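Undergrad: With the first letter of the sequence shown counted as 1, position 35 gets the number 51 in my numbering; the numbers rise by one all the way through.
Dropping the structure in here first, questions after.
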Amino acid sequence: MARKLAVVLAVALSAAWSGPALADHVKDGRPLHRIVFQMNEDSPNLWSLMLNNINNIITEMGKDHVEIKVVAYGPGINMFRKDRSNVLDRLESLKKFAGKSVEYTVCSNTLKAMKVDRQEIVEFVDDLYPGIVRIIELQEKGYVYLRP
Numbered sequence: 017m018a019r020k021l022a023v024v025l026a027v028a029l030s031a032a033w034s035g036p037a038l039a040d041h042v043k044d045g046r047p048l049h050r051i052v053f054q055m056n057e058d059s060p061n062l063w064s065l066m067l068n069n070i071n072n073i074i075t076e077m078g079k080d081h082v083e084i085k086v087v088a089y090g091p092g093i094n095m096f097r098k099d100r101s102n103v104l105d106r107l108e109s110l111k112k113f114a115g116k117s118v119e120y121t122v123c124s125n126t127l128k129a130m131k132v133d134r135q136e137i138v139e140f141v142d143d144l145y146p147g148i149v150r151i152i153e154l155q156e157k158g159y160v161y162l163r164p
């Protein structure tokens, strides 16, 4: 009898502790999918592939049911440079369409190391922050890590 009570108590406590975490991943009764994309390559082909992936995710899951973070560091920051990127129109239109469902972070450490001024980066970037640290923090919050 005591063993059954211990099992029931353990299940109840487990459910109580996981409730807030589960509730944090549900919106309107549907799961909220959290994804972080890493971009550290100076490759227009990879930039396009990543944007295709993001468009497919939003199309299938709905923009209200995803939180997508794009984190660019190293040579990948060129994707957001006004003078180097061939996907700026796609990045901006995706941002306008998806709103807060898609956020862009450019690595502040890379900007310093490459001597790139903030003015060389498009205005619609949401944040300048150390890229690797951002990816780690997002994964600790339950974001799925993807790399095209």
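Even glycine gets a Cβ: it sits at the ideal position worked out from N, Cα and C.
Bear in mind the structure is a predicted one, so any value in this text is a computation, not a measurement.
Run through DSSP, which three-state label would F113 get?
TA: Of the three classes helix, strand and coil, the one that applies to F113 here is helix, per DSSP.
Undergrad: Using a Cβ-Cβ cutoff of less than 7 Å, which residues in the same chain neighbour N94 once the five nearest sequence positions on both sides are dropped?
TA: Contacts found: D58, R100 and S101.
Undergrad: Does the contact criterion of 3 or more C-beta pairs under 8 Å hold for the region 113 to 120 versus the region 152 to 163?
TA: Touching, no, given that fewer than three Cβ pairs across the two stretches are closer than 8 Å.
Undergrad: For N56, count neighbouring C-beta atoms within 10 Å of its own C-beta (all shown protein chains included) and say buried if the count is 16 or more, exposed if not.
TA: The residue in question, N56, is buried, as its Cβ has 16 or more Cβ neighbours within 10 Å.
Undergrad: Going by other Cβ atoms of all chains shown within 10 Å of its Cβ, with 16 needed for buried, is E76 buried or exposed?
TA: It counts as exposed.
Undergrad: For F53, which three-state DSSP category applies?
TA: Here F53 sits in strand by DSSP.
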